[in-house]
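Asks: If you scroll down you'll find the structure; I have some questions about it.
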Amino acid sequence: MSDSRTTIEEQPVLKLRVQENPCWNEKYDEIVAHANRVESQQYEDGDWRKKLFEDGYVVIKGAIPKEQAQKHGDGIRDILTSFGTKLDYNDKSTWKEENYPDQSHINTYMLHCIPHEKAVWDVRNDKNIKDVFAKLWGTDELLVSFDAINVTFPGSTKAGFWPHADQSPYREGLQCVQGLVSLSDAGPKDGGLVVYKKSNTLFKKFFEEKVDKNDTEKWRKLDYFSLNDEELKWFLDNGCEEVKIDCENGDLVLWDSRTIHFGREPDADSQTVRTVVYACYTPAAWATEKELKDKQEAFWNYRNTTHWPHVNIWSDYAPLKPSGRVEVRKEPLNKCDTTDEGLLKIAGVKSY
Ligand SMILES: O=C(O)CCC(=O)C(=O)O
Ligand SMILES: [Fe+2]
């Protein structure tokens with residue numbers, strides 16, 4: 196265990212490092228060159244990488260064998276019922292916010308050390324998923340994000356429609372590929388990722404042609420921007436198509452961070468509790484010493500990070516509900532195995 200470990204009480208509340216995010220570090224040129232090489236390679240028809248780069252997303256069917264996916268999903272769902280509330284997956288009358296651990300407005304769980312529960316690490320450290328990203332980037336020396344989980348009950352409506360991209364216009368080209376491990380089936384009525392197909396290819400043009408460079412709300416260094424109706428229409432008018440991704444338990448959905456997307460909540464008459472783990476991986480060589488240090492601190496203090504594995508290592512620790520409910524759990528209930536070398540390497544704690 197690292198000496199830098201402190202208790203949650205000793206941690207300052209981390210402010211969103213929006214303004215100070217430089218979008219640049221000494222690895223920047225290496226990142227751009229590596230990602231560009233990967234994106235511009237000629238892939239055969241049928242190779243999922245071809246679809247990922249052409250359409251901005253791809254579904255890897257059966258990435259995790261069904262039985263294993265079921266185990267992962269049960270482990271994730273059990274996290275929510277481990278808080279001693281009345282929540283019961285078999286009793287719809289208990290599916291209400293007061294029975295969930297604190298969650299964000301987009302139905303994700305990142306407080307209470309949830310991103311560091313063993314069940315979440317079991318998914319991140321699943322070889323089936325790591326192998327996909329190793330093939331993508333051409334290296335098995337990867338870092339993973341300490342992302343949130345998403346468990347959404349049918350009828351939830353608070354997230355609504357929130358099309359966005361997770362990359363700043365100040366970053367050139369491909370720089371991050373996001374992963375969503377689907378641990379429940381996602382049919383038409385069920386929750387799921389909605390993408391705007393091919394919007395990744397229009398990202399640069401959109402900013403150059405459509406967004407005034409003085410508009411600092413959009414032209415900003417935060418790796419997130421949301422779109423209004425008119426901006427979304429521009430993408431649709433330029434040939435993008437809205438696609439709600441239907442997939443099965445055990446599928447892995449990948450998308451370019453430039454691709455416009457949002458998570459759709461299950462319809463009220465869906466029979467499925469949407470169960471998802473976000474897990475993104477990038478080459479370990481893309482992180483600077485400072486970022487590795489931040490990652491180690493986040494790891495030993497059970498903090499979440501953003502979707503970005505090698506940069507943007509920050510978390511928002513403020514309580515997310517107006518109720519002012521705060522951390523009740525200072526450590527994961529079930530911790531991951533910190534003697535697992537492979538796990539420590541993707542966490543950025545042990546070097547390759
Ligand atoms: O819930 C989803 O599927 C989308 C979440 C999202 O926007 C993301 O992971 O970047
Ligand atoms: Fe997103």
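Going by our numbering, the sequence shown runs without a break in its numbering and finishes at 547. Cβ atoms here follow ideal geometry from the backbone N, Cα and C, with glycine treated the same way.
1. Using C-beta distances below 8 Å, list every residue in its chain close to H267, excluding the 5 sequence neighbours before and after it, in chain order.
2. By how many angstroms is the C-alpha of N302 removed from the C-alpha of T276?
3. Starting from V227, trace the alpha helix (DSSP H) both ways and give me its first and last residue.
4. Would you mind sorting P217 into buried or exposed? The rule is 16 or more other CB atoms within 10 Å of its CB.
5. Assess, as a yes-or-no matter, whether the region 355-369 is touched by the region 411-420 under the definition of 3 or more beta carbon pairs within less than 8 Å.
6. From the DSSP output, in three-state form, read off A480 for me.
7. Between D335 and R244, what straight-line distance do the alpha-carbon atoms span, to the nearest angstrom?
8. With H267 as the anchor, note down where its beta strand (DSSP E) starts and where it stops.
9. With distance defined between alpha-carbon atoms, name the residue in K416, I455, A474 and G270 nearest to N323.
10. Look up W290 in the DSSP assignment and say whether it is helix, strand or coil.
11. Answer yes or no: the CB of D451 versus the heavy atoms of ligand 1, is any distance below 6 Å?
12. Expressed to the nearest angstrom, what Euclidean distance is found between the alpha-carbon atoms of T534 and D446?
13. Verify whether the separation of the beta carbon atoms of I271 and T501 is less than 7 Å.
14. Decide if the region 294-310 is in contact with the region 226-235; the criterion is three or more beta carbon pairs, one per stretch, under 8 Å apart.
15. Give me whichever residues DSSP pairs with I255 in a beta bridge.
16. For ligand 1, which residues have a Cβ under 7 Å from at least one heavy atom, in chain order?
17. When we look at the beta-carbon of E460 and count the other beta-carbons within 10 Å, is it buried (16 or more) or exposed?
18. Going by the beta-carbon positions, is the gap between T483 and K222 smaller than 7 Å?
19. Skipping 5 residues on each side, what residues in its chain have a beta carbon closer than 7 Å to that of N552?
20. Taking only the alpha-carbon atoms, compute the straight-line gap between V523 and G279 and give it to the nearest angstrom.
21. For S379, which of helix, strand or coil comes out of DSSP?
22. Can you list, in chain order, the residues of its chain whose CB lies under 6 Å from that of G350, leaving out five sequence neighbours each side?
23. Can you tell me whether S546 is buried or exposed? The criterion is at least 16 other CB atoms within 10 Å of its CB, across all chains shown.
24. Give me, in chain order, the residues of the same chain whose beta-carbon lies closer than 6 Å to that of N433; leave out the 5 immediate sequence neighbours on both sides.
25. Measure the CB-CB distance between L487 and G537 and report whether it falls below 7 Å.
26. Going along the chain, which residues of its own chain have a beta-carbon closer than 8 Å to the beta-carbon of F430, five neighbours each way excluded?
27. In its own chain, which residues sit with a C-beta less than 6 Å from the C-beta of N220, not counting the 5 before and 5 after it?
28. Can you give me the C-alpha to C-alpha distance between V372 and K281, rounded to a whole angstrom?
29. Could you check if K516 is buried or exposed, using at least 16 other CB atoms within 10 Å of its CB as the buried criterion?
30. V471 lies in the alpha helix (DSSP H); which residues open and close that run?
31. With distances taken Cα to Cα, identify the nearest neighbour of V468 among L539, E225 and G382.
32. Give me whichever residues DSSP pairs with I344 in a beta bridge.
33. For Y225 and W481, I'd like the C-alpha separation in whole angstroms.
34. Measuring alpha carbon to alpha carbon, tell me which residue in L337, T477 and A343 is nearest H300.
Replies: In this structure, then:
1. Excluding its 5 nearest sequence neighbours in each direction, H267 has C-beta neighbours in its own chain below 8 Å: I259, A314, D317, V318, D321, V376, L378 and V472, listed in chain order.
2. Near 15 Å, if we compare the C-alpha coordinates of N302 and T276.
3. Y223 to S235
4. exposed
5. The count of Cβ pairs closer than 8 Å, one atom from the region 411-420 and one from the region 355-369, reaches three, so the stretches are in contact.
6. Residue state, collapsed to three classes: helix.
7. 16 Å
8. Careful: H267 lies outside any beta strand (DSSP E), inside the alpha helix (DSSP H) at K261 to T276.
9. A474
10. coil
11. no
12. 28 Å
13. no
14. no
15. L447
16. Listed by position in the chain, the residues whose beta carbon lies within less than 7 Å of some heavy atom of ligand 1 are I301, N345, H359, D361, Q373, L375, G387, L388, H456, F457, G458, V471, Y473 and H502.
17. buried
18. yes
19. Lying outside 196 to 547, the shown extent of the chain, residue 552 is not represented and no answer is given.
20. Straight-line Cα distance between these residues: approximately 12 Å.
21. coil
22. Excluding residues within five positions, the ones whose Cβ falls inside 6 Å are A463.
23. exposed
24. L397
25. no
26. Y391, S394, L397, F401, L422 and I455
27. T483
28. 37 Å
29. Low confidence applies to K516: its pLDDT is 49, below 50, so where it sits in the model is not reliable enough to give any reading.
30. That residue, V471, is in no alpha helix (DSSP H); its beta strand (DSSP E) goes R469 to Y473.
31. G382
32. Y304 and V472
33. Tyr is not the amino acid found at residue 225; the sequence shown has Glu there. Computed Cα separation, rounded: 7 Å.
34. The alpha carbon of H300 has as its nearest neighbour, out of L337, T477 and A343, the alpha carbon of A343.
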